[in-house]
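Below is one structure, written out as structure tokens; comments come after it.
This is the structure we're talking about:
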């Protein structure tokens, strides 16, 4: 399977999406929460300001 065909593979697309969210520190349900107007907590930059 070439890269163009692989890009249209839903299973591969889902894996890439999940890995992207993981790499930027967002939970796998971040998009659904954002669409619903809920806050999303990122793993990076969670330092408490004092």
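Numbering (the working numbering), first residue to last: 1 to 50. Even glycine gets a Cβ: it sits at the ideal position worked out from N, Cα and C.
With residue i and residue j assumed to form a contact (beta carbons below 8 Å), what rounded beta-carbon distance in angstroms separates them?
i, j, result
"residue 13", "residue 21", "Going by Cβ atoms, the distance from residue 13 to residue 21 rounds to 13 Å, so no, they are not a contact pair."
State yes or no: is the C-beta of residue i nearer than 7 Å to some heavy atom of the ligand NAP?
i, result
"residue 19", "This structure simply doesn't include the ligand NAP, nor any ligand for that matter."
Considering only the alpha carbon of each residue, which of the options lies closest to residue i?
i, options, result
"residue 45", "33, 26, 7", "26"
"residue 18", "7, 9, 30", "30"
Look up residue i in the DSSP assignment and say whether it is helix, strand or coil.
i, result
"residue 23", "helix"
"residue 73", "Not covered by the structure: residue 73. The range shown for the chain is 1 to 50."
"residue 41", "coil"
"residue 11", "helix"
Ignore the nearest five residues each way along the sequence and tell me which others in residue i's own chain have a CB closer than 8 Å to its CB.
i, result
"residue 5", "none"
Ordered along the chain, which non-local residues of its own chain (more than five positions away) have a Cβ less than 7 Å from that of residue i?
i, result
"residue 42", "25, 26"
"residue 34", "40"
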